[in-house]
Every structure is written in C-alpha cells, then in structure tokens.
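Notes follow once the structure below has been shown.
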Amino acid sequence: MSSAAPVRAVVIDDDRFAHAQVEAHLLRHRGTVQMVGRCESGEEGIRTIRAEKPDLVFLDVQMPGIDGFGLLDKLDHRGFGVIFITSFEKYAIRAIRYSALDFRLKPYTALDFDAAIARFIAQ
C-alpha cells in the first residue's frame with residue numbers, strides 16, 4: 756500500500772487519553788494512515804464523518820449524548836470501516852452485528868492496534 760493514498764481515519768471517543776493513545780499508535784503508521792478528525796462526542800463525530808468521508812473510524816461505544824451505535828444509526832451511508840475501542844466487553848456481539856471490522860478493549864497493546872490496522876488494509 757506504499758504507493759496508494761493513506762487511509763483517512765477519524766477517532767471518536769470522549770476520553771482524551773484514548774485519543775492520545777490512538778494518535779501515538781497512528782504515528783507508527785505514518786504514510787499508511789492519516790488522522791483527519793478527532794471528535795469527543797457522537798454529534799461531533801457525525802459532522803466530521805460527513806465532512807471528511809474517512810476510510811476508517813475508531814469509535815468508542817459509551818459517550819454522552821449519542822453513543823457509538825447511535826452514531827452509526829444516524830448515518831445514511833457508511834462507506835468506512837469501524838474499529839470499536841471501548842472498555843466494555845459486553846458490547847462485542849452488538850459490534851459484530853454492526854459489521855465492525857474489529858473490537859478492541861481498552862487498554863490495548865501496540866500489537867492489538869497493528870493487527871486491527873493490518874486487517875483493515877487487507878480487506
């Protein structure tokens with residue numbers, strides 16, 4: 756994928772530490788993945804997805820207002836992969852029903868993150 760345009764990614768999570776963790780991992784994928792949006796709420800995420808048209812979204816489940824699943828429900832078109840990042844294992848089955856590419860429990864390792872990115876690129 757070196758000659759292709761970078762994967763455009765958006766991070767949607769109300770936890771600033773989670774943003775920092777994803778950003779740190781994405782730095783290791785510079786040239787392959789480019790972060791084009793960082794959102795702290797579902798509402799902001801919807802606006803950013805519509806404006807940026809990302810290829811990949813890192814999405815928390817529990818957020819104030821619209822949660823991650825509600826965000827996906829409000830979009831007319833979903834032309835991007837979703838990697839859920841959450842602290843709650845109980846959402847795994849629901850994430851599968853939403854066609855999640857991956858489901859990572861916080862805290863996750865660099866190897867977990869790299870595996871999720873590799874899975875997206877391979878699809």
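Per the working numbering, the very first residue in the sequence shown carries number 756; after that it's consecutive. Positions of the beta carbon are idealized from the N, C-alpha and C atoms, including for glycine.
Whether residue i touches residue j by CB criterion (7 Å)
{"i": "leucine 814", "j": "isoleucine 851", "result": "no"}
{"i": "serine 842", "j": "glycine 820", "result": "no"}
{"i": "alanine 836", "j": "phenylalanine 875", "result": "Note that residue 836 is glycine in the sequence shown, not alanine. A contact, by the Cβ cut-off of 7 Å."}
{"i": "valine 816", "j": "tyrosine 846", "result": "yes"}
{"i": "isoleucine 848", "j": "leucine 826", "result": "no"}
Cut-off 7 Å between Cβ atoms - residues of its own chain near residue i, not counting five sequence neighbours on either side
{"i": "glutamate 807", "result": "Arg763, Val765, Val791, Gly792"}
{"i": "threonine 803", "result": "Val765, Gly792, Cys794"}
{"i": "glutamate 778", "result": "Met790"}
{"i": "histidine 784", "result": "Ile872"}
{"i": "glutamate 798", "result": "Gly820, Ile821"}
Cut-off 8 Å between Cβ atoms - residues of its own chain near residue i, not counting five sequence neighbours on either side
{"i": "alanine 871", "result": "Ile838, Leu856, Asp857, Arg859"}
Exposure of residue i, with buried meaning 16 or more beta-carbon neighbours within 10 Å
{"i": "aspartate 831", "result": "exposed"}
{"i": "proline 862", "result": "exposed"}
{"i": "aspartate 828", "result": "exposed"}
{"i": "glutamate 844", "result": "exposed"}
{"i": "tyrosine 773", "result": "Inspection of the sequence shows that residue 773 is occupied by alanine rather than by tyrosine. Result: buried."}
Beta bridge counterpart(s) of residue i as assigned by DSSP
{"i": "valine 765", "result": "Gly792, Val812"}
Ignoring anything shorter than 3 residues or poking outside the segment 804-840, list the beta strand (DSSP E) runs there in chain order.
-> 811-814
Would you mind listing the alpha helix (DSSP H) stretches within the segment 840-869 that are 4+ residues and don't spill past its ends, in chain order?
-> 847-852
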